[in-house]
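Data first, discussion second: the structure below is written as structure tokens.
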Amino acid sequence: APPEQLGQDSHFARLRLLDPNRFHDLAAFRAESENYRPVAEAVQELLDQGRLSPEAHATIEGFLGAEGEALLAAVSDGDTQASARLIRELLDRHGTG
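The sequence shown lines up with residues 1 to 97 when you count with this note's numbering.
Shown next as structure tokens:
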């Protein structure tokens, strides 16, 4: 079952058990999670359509900064391996658990 199925509070409680130093404040966790929503929607667009709209591209670019430029350029050129790398990169560096 996905974490959200049992609710965000339950997900936070499990994360807190795993890493109490990182996950010590439910309100901060909620705010941080809300900041990921636009990026998650952009990634979903990439998965569904195989490409990014200009808006989704800008969202991810704003999130990754300059270090994501080359990867985003490859995604824009239709490189499916770059798309997979981009998704892994976002999950690896910016996911909440």
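Glycine residues also receive a C-beta, built at the ideal position from the N, C-alpha and C atoms.
Own chain partners of residue i with C-beta closer than 7 Å, once the 5 adjacent residues on each side are dropped
i   : result
T59 : P38, V39, A42
H19 : Strictly speaking, residue 19 in this sequence is Asp, with His absent from that position. Here the set comprises nothing.
Terminal residues of the alpha helix (DSSP H) in which residue i lies
i   : result
D9  : 8–18
E45 : 26–49
L52 : No alpha helix (DSSP H) holds L52; DSSP gives it neither H nor E.
E67 : Careful: E67 lies outside any alpha helix (DSSP H) and carries neither H nor E.
Assigned exposure category for residue i - 16 Cβ within 10 Å defines buried
i   : result
S83 : buried
L91 : exposed
L52 : buried
Contacting residues, own chain, Cβ-Cβ under 8 Å from residue i (five flanking each side not counted)
i   : result
R16 : F23, H24
D9  : L26
Closest Cα partner of residue i within the set the options
i   : options            : result
D48 : I87, R93, G7, L6   : I87
A31 : R51, F12, G78, Q81 : F12
E67 : D19, A28, E89      : E89
Y36 : A73, L71, L64      : L64
G7  : D19, F29, N21, P20 : F29
Cβ-based neighbour list, residue i, same chain, cut-off 6 Å, excluding 5 preceding and 5 following
i   : result
A56 : A42, E45
E34 : none
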